[in-house]
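Taking my numbering, the leading residue of the first sequence gets 1, the next gets one more, and so forth.
No residue lacks a Cβ here, since even glycine has one placed at the ideal position from N, Cα and C.
Shown next, in structure tokens, is the structure this report addresses.
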Amino acid sequence: MSDLTISLPDGSSRTLPEGATGADLAADIGPGLAKAALIVTVDGEGRDLDRALDAGAAVSIVTADSDEGLHTLRHSTAHVLAQAVLDLWPGATHAIGPPIEHGFYYDFELPDGGVFSADDLEAIEARMREIIASDQAFERHEAGAAEALELFADHCYKREIIEKVTAGDADAEMAGEAGADGTVTYYRNGDGFVDLCTGPHVPSTGRLGHFALQKVAGAYWRGDEKQPMLQRIYGTAWGDKKALKAHLHRLAEAEKRDHRRLAAEMDLVSWPDALGPGLAVWHPKGALVRKLIEDYSRHRHETGGYDFVYSPHIAKSVLWETSGHLDFYADGMYPPMELDGATYYPKPMNCPFHVSIFQSGQRSYRDLPRRLFELGAVYRYELSGAVHGLLRSRGFTQDDSHIFCTPDQVPDELASLLEFTLSVLRAFGFDDFQAKLSTRPTEKSVGEDALWDLATDGLRSALESAGLDYVVDEGGGAFYGPKIDVDVTDAIGRPWQLSTIQLDFNLPERFELEYVGADGGRHRPVMIHRALMGSIERFFGVLLEHYAGAFPVWLAPEQVRVLPVADEHQAYAESVRDALVADGRRATVDPADEPLGKRVRAAKVAKVPHVLVVGDDDAANGTVGDNARGADGPERDLPLDDFLGRLAAAVESGALVAGPAGHPAEKLAEGRAS
RNA sequence: GCCCGGGUAGCUCAGUUGGUCAGAGCAGGCGCCUUGUAAGCGUCAGGUCGUCGGUUCGAAUCCGACCCCGGGCUCCA
Numbered sequence: 001m002s003d004l005t006i007s008l009p010d011g012s013s014r015t016l017p018e019g020a021t022g023a024d025l026a027a028d029i030g031p032g033l034a035k036a037a038l039i040v041t042v043d044g045e046g047r048d049l050d051r052a053l054d055a056g057a058a059v060s061i062v063t064a065d066s067d068e069g070l071h072t073l074r075h076s077t078a079h080v081l082a083q084a085v086l087d088l089w090p091g092a093t094h095a096i097g098p099p100i101e102h103g104f105y106y107d108f109e110l111p112d113g114g115v116f117s118a119d120d121l122e123a124i125e126a127r128m129r130e131i132i133a134s135d136q137a138f139e140r141h142e143a144g145a146a147e148a149l150e151l152f153a154d155h156c157y158k159r160e161i162i163e164k165v166t167a168g169d170a171d172a173e174m175a176g177e178a179g180a181d182g183t184v185t186y187y188r189n190g191d192g193f194v195d196l197c198t199g200p201h202v203p204s205t206g207r208l209g210h211f212a213l214q215k216v217a218g219a220y221w222r223g224d225e226k227q228p229m230l231q232r233i234y235g236t237a238w239g240d241k242k243a244l245k246a247h248l249h250r251l252a253e254a255e256k257r258d259h260r261r262l263a264a265e266m267d268l269v270s271w272p273d274a275l276g277p278g279l280a281v282w283h284p285k286g287a288l289v290r291k292l293i294e295d296y297s298r299h300r301h302e303t304g305g306y307d308f309v310y311s312p313h314i315a316k317s318v319l320w321e322t323s324g325h326l327d328f329y330a331d332g333m334y335p336p337m338e339l340d341g342a343t344y345y346p347k348p349m350n351c352p353f354h355v356s357i358f359q360s361g362q363r364s365y366r367d368l369p370r371r372l373f374e375l376g377a378v379y380r381y382e383l384s385g386a387v388h389g390l391l392r393s394r395g396f397t398q399d400d401s402h403i404f405c406t407p408d409q410v411p412d413e414l415a416s417l418l419e420f421t422l423s424v425l426r427a428f429g430f431d432d433f434q435a436k437l438s439t440r441p442t443e444k445s446v447g448e449d450a451l452w453d454l455a456t457d458g459l460r461s462a463l464e465s466a467g468l469d470y471v472v473d474e475g476g477g478a479f480y481g482p483k484i485d486v487d488v489t490d491a492i493g494r495p496w497q498l499s500t501i502q503l504d505f506n507l508p509e510r511f512e513l514e515y516v517g518a519d520g521g522r523h524r525p526v527m528i529h530r531a532l533m534g535s536i537e538r539f540f541g542v543l544l545e546h547y548a549g550a551f552p553v554w555l556a557p558e559q560v561r562v563l564p565v566a567d568e569h570q571a572y573a574e575s576v577r578d579a580l581v582a583d584g585r586r587a588t589v590d591p592a593d594e595p596l597g598k599r600v601r602a603a604k605v606a607k608v609p610h611v612l613v614v615g616d617d618d619a620a621n622g623t624v625g626d627n628a629r630g631a632d633g634p635e636r637d638l639p640l641d642d643f644l645g646r647l648a649a650a651v652e653s654g655a656l657v658a659g660p661a662g663h664p665a666e667k668l669a670e671g672r673a674s
């Protein structure tokens with residue numbers, strides 16, 4: 001009997017008896033690894049531990065420490081979920097059950113249109129634990145189409161997959177379920193549970209167990225609303241108890257940060273039923289923060305080479321016919337209004353208006369690039385089920401700009417635009433970015449090849465010179481141009497897509513835009529759509545969650561609350577407040593009609609950055625006691641002037657850039673000069 | 001829009017099988033307390049139990065429709 005030699009990720013190689021499996025290899029390396037091993041990869045392909053290795057292959061042992069290991073673990077847990085459901089609901093059928101980020105789901109159809117209730121999860125989870133405790137092996141099998149169809153005779157969704165796959169037209173979605181060579185693989189465990197699956201799986205159900213079922217949801221088969229609605233169960237699964245616990249803790253933290261909860265608690269924004277879904281009103285404190293955000297945005301655009309414009313909220317249908325929105329975006333638009341024999345639509349986008357401004361006169365290449373900026377409110381008819389607080393609403397305000405430039409100017413414009421974008425986002429405390437470059441779709445698209453290449457290369461080099469991590473979504477661009485999307489990662493690691501920089505080769509054509517070039521001839525400009533925050537409302541919601549409501553000093557609606565120890569300190573407290581207000585701060589006094597501890601607590605709960613306590617000593621010496629958010633404890637006997645200076649510095653560094661009149665940083669400068 | 005789950009005081013929630021079940025805590029008003037760093041005491045007020053209709057001697061509770069909210073699907077800033 002000959003041996004086989006394989007290579008390991010560290011470059012070493014190992015020789016094992018012929019027919020050795022992944023499990024043999026792990027055991028050969030060490031008992032700890034043997035215990036932790038879930039699957040192996042052989043030349044990059046995942047494979048069950050009990051399958052023989054190939055001589056000469058590059059083999060890697062996969063454990064729950066890696067994404068691939070977790071993926072396998074979750075996938076196997078999804079199988080156990082399906083097994084439990086099929087046990088408990090005779091006649092139920094299972095559709096698909098893939099691993100997803102942090103967990104897995106499985107879609108089912110219950111007999112007679114039955115549905116799961118939240119209570120069912122408990123019973124299902126208990127059955128799953130029994131299956132796991134009985135440590136059933138996952139056995140891999142292969143079958144031809146006919147055999148597989150017989151095996152899954154009672155499972156119409158599995159049959160549909162088998163038919164699709166064995167017919168050889170496997171698409172990406174189906175590729176995860178079966179091979180495309182006329183045979184399919186399936187896994188069997190326990191008494192009779194079988195599932196169509198390419199695997200790999202953990203060796204046996206006993207390797208699972210750190211999971212939790214989370215929720216029930218409806219989901220269309222293949223995500224298509226014309227297909228039947230299936231019952232989906234979501235769960236999460238991890239390699240050990242600690243990781244599961246940590247994940248559940250993160251979810252709880254995220255819930256505490258929910259901007260809808262914070263918006264109500266902090267009296268920032270509300271959604272009165274009478275307004276309709278996705279339509280918010282801004283209360284004074286929320287409006288104040290929003291105004292600071294908008295003021296900062298305006299300031300940056302003023303000094304960044306942009307021209308400010310305004311446009312109406314509605315326009316006649318001809319504008320939307322020319323722009324093409326009525327052709328490809330009608331579903332997202334509010335319905336039309338008929339008046340004076342004309343048809344008007346609320347605007348879902350600002351671009352046609354900005355194009356109209358560009359069109360209003362003859363443009364020379366000397367005028368370009370022309371950057372038109374507007375905090376433009378738009379209305380989109382989002383599906384009622386899609387509306388989600390400020391993060392997805394039906395009326396929102398874009399920090400929108402349309403840049404018109406010559407093709408030659410495109411690369412430089414994109415590079416400076418991306419830098420500008422990142423700089424604005426950094427000012428709000430975001431410093432972890434992930435970008436996506438979306439290139440020309442393979443199907444129909446408009447624009448010359450040279451233009452696409454110029455723009456795509458321009459976007460790529462902008463990303464590279466900005467030193468930004470990015471992924472390429474090949475063919476993911478719109479039909480009218482390539483784009484960059486920028487995600488930020490928030491304080492608890494969640495990504496949010498905020499910025500988008502989008503080339504448009506279509507609208508200039510549709511509106512027949514022209515400029516006069518140096519050669520005296522007429523040329524078509526290139527148009528760039530871009531939004532940095534995306535939507536002000538959404539950006540506000542993301543910021544609120546990022547900071548968990550504890551806005552940095554320059555954005556905090558109430559920056560300082562002054563608490564007199566007793567009534568006799570009221571006058572001094574008011575003088576402290578007046579000094580703060582004169583210095584441009586937002587400060588209030590909370591009089592001594594409640595015990596100090598209670599007032600301190602109220603201020604802390606309200607997330608006021610600085611709570612000042614003033615008593616006899618302070619009134620006598622012109623000092624304050626500063627209980628700052630995040631500090632270990634109060635700092636007593638701080639001279640008022642020192643506090644004013646310290647706060648001013650914090651406001652200035654928070655804003656990063658000197659602001660316009662009305663911006664905290666500007667008042668700071670005035671305050672210091674005087 | 002579709003599936004599931006919810007709407008009880010400003011907020012968070014109790015209200016077993018339909019019959020003093022319209023309640024609690026916090027918040028709010030008033031009074032007392034005069035406080036040195038995360039909840040002092042007392043007292044008062046508040047709700048057409050999402051809306052409309054139905055079943056019943058009787059409905060927060062059962063049924064139907066609708067509205068709104070939440071989680072998904074889909075979509076997306």
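Contact under 8 angstroms by Cβ, His546 with Asp490:
To locate residue 546, count along the first sequence from 1; it is residue 546. To locate residue 490, count along the first sequence from 1; it is residue 490. In this structure, Asp490 lies closer than 8 angstroms to His546 by Cβ.
What's the gap between the Cα of Ser12 and the Cα of Thr5? Along the first sequence, read from residue 1 onward, the residue named residue 12 stands at position 12. Along the first sequence, read from residue 1 onward, the residue named residue 5 stands at position 5. Straight-line measurement puts the Cα of Thr5 at about 10 angstroms from the Cα of Ser12.
By how many angstroms is the C-alpha of Trp320 removed from the C-alpha of Asp457?
-> Numbered from its first residue, the first sequence carries residue 457 at position 457. Numbered from its first residue, the first sequence carries residue 320 at position 320. For Asp457 and Trp320, the distance between alpha carbons rounds to 31 angstroms.
**Message:** With a threshold of 6 angstroms on Cβ separation, who are the neighbours of Pro203 within its own chain once the five nearest residues in sequence on each side are excluded?
**Reply:** Mapped onto the first sequence, residue 203 falls at position 203. In its chain, beyond the 5 residues on either side, Leu49 have a beta carbon closer than 6 angstroms to the beta carbon of Pro203.
| request: Report the residue ranges of all beta strand (DSSP E) runs contained in full by the stretch 413-468; include only those spanning at least 3 residues, in chain order. | output: Segments of the beta strand (DSSP E) lying fully in the stretch 413-468: 433-438.
Exercise. Helix, strand or coil: which one does DSSP assign to Gly645?
Worked result: Working through the first sequence from its first residue, we reach residue 645 at position 645. Three-state result, Gly645: helix.
### Message
Does the contact criterion of 3 or more C-beta pairs under 8 angstroms hold for the stretch 77-85 versus the stretch 23-37?
### Response
The stretch 77-85 vs the stretch 23-37: no contact.
8 angstroms CB neighbourhood of Pro660 in its chain, flanking five on each side removed: Taking the first residue of the first sequence as position 1, residue 660 is located at position 660. Caution is warranted here: a pLDDT of 30 is assigned to Pro660, below 50, making its placement in the model unreliable, and no coordinate value can be reported.
Worksheet item: Apart from the five residues just before and just after Ala573, which ones in its own chain have a Cβ nearer than 6 angstroms to its Cβ?
Response: Counting from 1 along the first sequence, the entry for residue 573 is found at position 573. Excluding sequence neighbours, Ala573 sits near Val562, Pro564, Val589 and Val614.
On the DSSP bridge list, what partners appear for Gly103? As a first step, residue 103 must be located in the first sequence, where it is residue number 103. According to DSSP, which records beta bridges pairwise, Gly103 is partnered with Ile100 and Thr236.
Excluding five sequence neighbours on each side, which residues of the same chain lie with their C-beta closer than 6 angstroms to the C-beta of Asp67?
-> Here residue 67 refers to the residue found at position 67 of the first sequence. Its chain contains no residue whose beta carbon lies nearer than 6 angstroms to that of Asp67 once the 5 sequence neighbours on both sides are disregarded.
Let me know if Thr15 comes out buried or exposed under the rule of 16 or more other beta-carbons within 10 Å of its beta-carbon. Position 15 of the first sequence, counted from the first residue, corresponds to residue 15. Exposed.
Is Tyr106 buried or exposed, if buried means 16 or more other CB atoms sit within 10 Å of its CB?
As a working note, residue 106 is residue 106 in the first sequence. Counting Cβ neighbours within 10 Å, Tyr106 comes out buried, since at least 16 surround it.
Please classify Asp3: is it buried, with 16 or more other beta-carbons within 10 angstroms of its beta-carbon, or exposed? Here residue 3 refers to the residue found at position 3 of the first sequence. Result: exposed.
- Message: According to DSSP, is Ala315 part of a helix, a strand, or is it coil?
- Response: Within the first sequence, the letter at position 315 stands for residue 315. Strand at Ala315.
Worksheet item: If you drop the 5 nearest sequence neighbours on each side, which residues of the same chain put their C-beta closer than 6 angstroms to that of Leu8?
Response: Residue mapping note: residue 8 aligns to position 8 of the first sequence, counting from 1. Listed in chain order, the non-local C-beta contacts of Leu8 below 6 angstroms within the same chain number zero, local neighbours out to five positions each way being set aside.
Taking the Cβ atom as the reference point for each residue, do Leu25 and Val40 lie within a distance shorter than 8 angstroms? For this step, residue 25 is matched to residue 25 along the first sequence. For this step, residue 40 is matched to residue 40 along the first sequence. For Leu25 and Val40, yes; Cβs fall inside 8 angstroms.
Query raised in the report: On the three-pair Cβ rule with 8 angstroms, is the stretch 279-286 touching the stretch 348-362?
Result: Flag = no, the stretch 279-286 and the stretch 348-362 do not touch.
Worksheet item: Which residues does DSSP pair with Phe396 in a beta bridge?
Response: Here the question's residue 396 lines up with position 396 in the first sequence. As computed with DSSP, Phe396 is found in a beta bridge with Val378.
Helix, strand or coil for Cys197? Go by DSSP, reduced to three states.
As a working note, residue 197 is residue 197 in the first sequence. Coil, per DSSP.
Query - 7 angstroms CB neighbourhood of Gly304 in its chain, flanking five on each side removed - result: Residue 304 sits at position 304 when you count from the first residue of the first sequence. These residues qualify, in order along the chain: Phe420.
Entirely within the stretch 37-118 and at least 4 residues each: give me those alpha helix (DSSP H) ranges in chain order. List check, alpha helix (DSSP H) in window: 67-88.
- Query: CA-CA distance, Leu534 and Arg392?
  - Reply: Translated into positions along the first sequence, residue 534 becomes position 534. Translated into positions along the first sequence, residue 392 becomes position 392. Before going on, a small fix: residue 534 reads as Gly here, not Leu. Those two C-alpha atoms are separated by around 11 angstroms.
inquiry  = Can you tell me whether Lys291 is buried or exposed? The criterion is at least 16 other CB atoms within 10 Å of its CB, across all chains shown.
reply    = Here residue 291 is taken as the residue at index 291 of the first sequence, counted from 1. Classification of Lys291: exposed, given that the 10 Å Cβ count is below 16.
Helix, strand or coil: which one does DSSP assign to Ser653?
-> Here residue 653 refers to the residue found at position 653 when the first sequence is read from its first residue. In this structure, Ser653 counts as helix in the three-state DSSP scheme.
task = Using three-state DSSP, classify Ala178 as helix, strand or coil.
result = In the first sequence, counting from the first residue as 1, residue 178 sits at position 178. Residue placement at Ala178 is poorly supported in this model, since its pLDDT is 44, which falls under 50; the coordinates are not used for a value here.
Practice item. Using 10 angstroms around the beta-carbon of Pro369, count the other beta-carbons present and answer buried if the total reaches 16, otherwise exposed. Key: To locate residue 369, count along the first sequence from 1; it is residue 369. Pro369 is buried by the Cβ-count criterion.
Here's the rule I'm using: 16 or more other beta-carbon atoms within 10 Å means buried, otherwise exposed. How should Thr63 be labelled?
For this step, residue 63 is matched to residue 63 along the first sequence. Around the beta carbon of Thr63, 16 or more other beta carbons sit within 10 angstroms, so the residue counts as buried.
Which residues in the same chain as Gly276 place their Cβ atom closer than 8 angstroms to its Cβ, once the five residues preceding and following it in sequence are excluded?
For the purposes of this step, residue 276 is identified with residue 276 of the first sequence, where counting begins at 1. Cβ contact annotation for Gly276 (same chain, cutoff 8 angstroms, sequence separation greater than five): Arg394, in chain order.
message: Give me, in chain order, the residues of the same chain whose beta-carbon lies closer than 6 angstroms to that of Asp10; leave out the 5 immediate sequence neighbours on both sides.
response: For this step, residue 10 is matched to residue 10 along the first sequence. Within the same chain, Asp10 has no close Cβ partners at all.
- request: With a floor of 4 residues, list each alpha helix (DSSP H) that falls wholly inside the stretch 502-569, ordered by position along the chain.
  value: Entirely contained in the stretch 502-569, the alpha helix (DSSP H) runs reaching 4 residues are, in chain order, 507-510 and 536-546.
To the nearest angstrom, report how far apart Met229 and Asp327 are at their CA atoms. Here residue 229 is taken as the residue at index 229 of the first sequence, counted from 1. Here residue 327 is taken as the residue at index 327 of the first sequence, counted from 1. Taking the straight line joining both Cα atoms gives about 29 angstroms.
Exercise for the section: Tell me, to the nearest whole angstrom, how far the beta carbon of His523 is from that of Val560; I am working on the premise that it is less than 8 angstroms. Expected result: Mapped onto the first sequence, residue 523 falls at position 523. Mapped onto the first sequence, residue 560 falls at position 560. The beta-carbon distance between His523 and Val560, rounded to whole angstroms, is 57 angstroms. This is too long to meet the 8 angstroms contact definition.
Note to self: Assuming contact is defined by CB atoms lying nearer than 8 angstroms, are Cys405 and Pro525 in contact in what I supplied?
What the structure shows: As a first step, residue 405 is located in the first sequence; it is residue number 405 there, counting from the start. As a first step, residue 525 is located in the first sequence; it is residue number 525 there, counting from the start. The criterion of a C-beta distance shorter than 8 angstroms is satisfied by Cys405 and Pro525.
Item to complete: Could you tell me the distance, in whole angstroms, from the CA atom of Trp496 to the CA atom of Ala153?
Response: The sequence position of residue 496 within the first sequence is 496, counting from 1. The sequence position of residue 153 within the first sequence is 153, counting from 1. Taking the straight line from one Cα to the other gives about 44 angstroms.
#### Entry: Among Ala58, Asp593 and Met333, nearest to Leu383 - alpha-carbon criterion
In the first sequence, counting from the first residue as 1, residue 383 sits at position 383. The option with the nearest alpha carbon to Leu383 is Met333.
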